[in-house]
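J.: Take 278 as the starting number for the sequence shown in our numbering and just add one per residue. We put the beta carbon where it would ideally sit given N, CA and C, even for glycine. Before we start, here is the structure in question, set down as structure tokens.
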Amino acid sequence: MPELPEVEVTRRGLAAQLAGRTISRVEVREPRLRWPVPREVLGLAGRTVRAVHRRGKYLLVDCGDGHLILHLGMSGSLRLVPRGTPADKHDHFDLELGERLLRLRDPRRFGAVLWTSERVEAHPLLAHLGVEPLSRALDPARLHTLTRSHRSAIKLFLMDARRIVGVGNIYANESLYRAGINPLASAGRLSPERCARLSHAIKDTLRAAIRAGGSSLRDFVGADGKQGYFQQRYWVYDRSGSPCRRCGAAIRRIVQGQRSTFFCPRCQR
Ligand SMILES: [Zn+2]
């Protein structure tokens, strides 16, 4: 599943290519995505893309009088291809911008193509999202404040998008390893020092993944079609039984909230 780094890599690729371009045509081949693609989307021709922003894992294409909201779901990817490129059966949506198409491919159809002409931050899908982990709003003091009164395990807290948005399973595992914190530790009991280490670890982990071009998981590719290679650098994720890269102890796998957690029992207390 594309996580925040993959979406941010896609955003950067698209922002550089789309800003200032005028939409010449829209094609919806399959409107039955996670939610039905609204009719307004078909009327976007003639608008000029001002910028491409991101909130959590939503891409927000600023068209001046409204925003196209895109989500990659479980298996979606966005690519820029030359106009006239034949569509695959999973290519559900095209935005034509002159000589090129922005094309959404989404075999499982959990992705989204939506439109709002209201204030985009107030959209029902975005209004309740938590702090952006890469923004200045997430700092050691804020993480400490946010975690107070939470009895849940810190791993589950990190994956709750109403608190911090978009960390996701892979990067929650990796961030906790980097911070030396056991994923089962109670969120509300983390000391200010440990919250500081964790807040830095989250940013470092996400930034490293973005630099590496995102993780190459199933169908993810960046907007330029290049595969990411972050998965070769995991410290703990998907390494159950393998030796910890720091201390040599066997990486352990447990299940929390129906998701796999990987950690080093020696390095993470
Ligand atoms: Zn270790």
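Rounded to whole angstroms, how far is the Cβ of L374 from the Cβ of L295, which I believe are closer than 8 Å?
T.: The residue given as residue 374 occupies position 97 in the sequence shown. The residue given as residue 295 occupies position 18 in the sequence shown. Going by Cβ atoms, the distance from L374 to L295 rounds to 7 Å, so yes, they are a contact pair.
J.: Compare the beta carbon distance of P359 and E376 with 8 Å and say whether it is the shorter of the two.
T.: As a first step, residue 359 is located in the sequence shown; it is residue number 82 there, counting from the start. As a first step, residue 376 is located in the sequence shown; it is residue number 99 there, counting from the start. Going by C-beta atoms, P359 is nearer than 8 Å to E376.
J.: To which residues does DSSP link T538 through a beta bridge?
T.: By one-based count along the sequence shown, residue 538 stands at place 261. Paired residue(s): I531.
J.: Any beta-carbon of chain D closer than 8 Å to the one on P410?
T.: Here chain D cannot be found, since the structure has a single protein chain.
J.: Between the C-alpha atoms of E436 and S452, what's the straight-line distance to the nearest angstrom?
T.: Against the sequence shown, residue 436 aligns to sequence position 159. Against the sequence shown, residue 452 aligns to sequence position 175. Looking at the sequence provided, one finds Met at residue 436 rather than Glu. The alpha-carbon atoms of M436 and S452 are separated by roughly 12 Å.
J.: Using only CA atoms, which one of R332, S301, L310, E317 lies nearest to E280?
T.: On the sequence shown, residue 280 is found 3 positions in, with the first residue counted as 1. Checked all of R332, S301, L310, E317; the closest Cα to E280 is R332.
J.: Cutting at 6 Å between CB atoms, please list the residues of its own chain near D496, excluding the five before and the five after it.
T.: Mapped onto the sequence shown, residue 496 falls at position 219. For D496, the pLDDT reaches just 40, beneath the cut-off of 50, and the residue's location in the model is therefore unreliable, leaving the point undetermined.
J.: Rounding to the nearest angstrom, what Cα-Cα distance links R488 and A292 in this structure?
T.: Residue mapping note: residue 488 aligns to position 211 of the sequence shown, counting from 1. Residue mapping note: residue 292 aligns to position 15 of the sequence shown, counting from 1. C-alpha separation (whole angstroms): 16 Å.
J.: With distances taken between CB atoms, is the gap from L391 to P315 smaller than 8 Å?
T.: For the purposes of this step, residue 391 is identified with residue 114 of the sequence shown, where counting begins at 1. For the purposes of this step, residue 315 is identified with residue 38 of the sequence shown, where counting begins at 1. Cβ atoms of L391 and P315: closer than 8 Å.
J.: For V326, count neighbouring C-beta atoms within 10 Å of its own C-beta (all shown protein chains included) and say buried if the count is 16 or more, exposed if not.
T.: If you number the sequence shown from 1, residue 326 lands on position 49. Answer is buried; the Cβ neighbour count reaches 16.
J.: Under 8 Å between the Cβ atoms of R385 and D371?
T.: For the purposes of this step, residue 385 is taken as the residue at position 108 of the sequence shown. For the purposes of this step, residue 371 is taken as the residue at position 94 of the sequence shown. No, they are not a contact pair.
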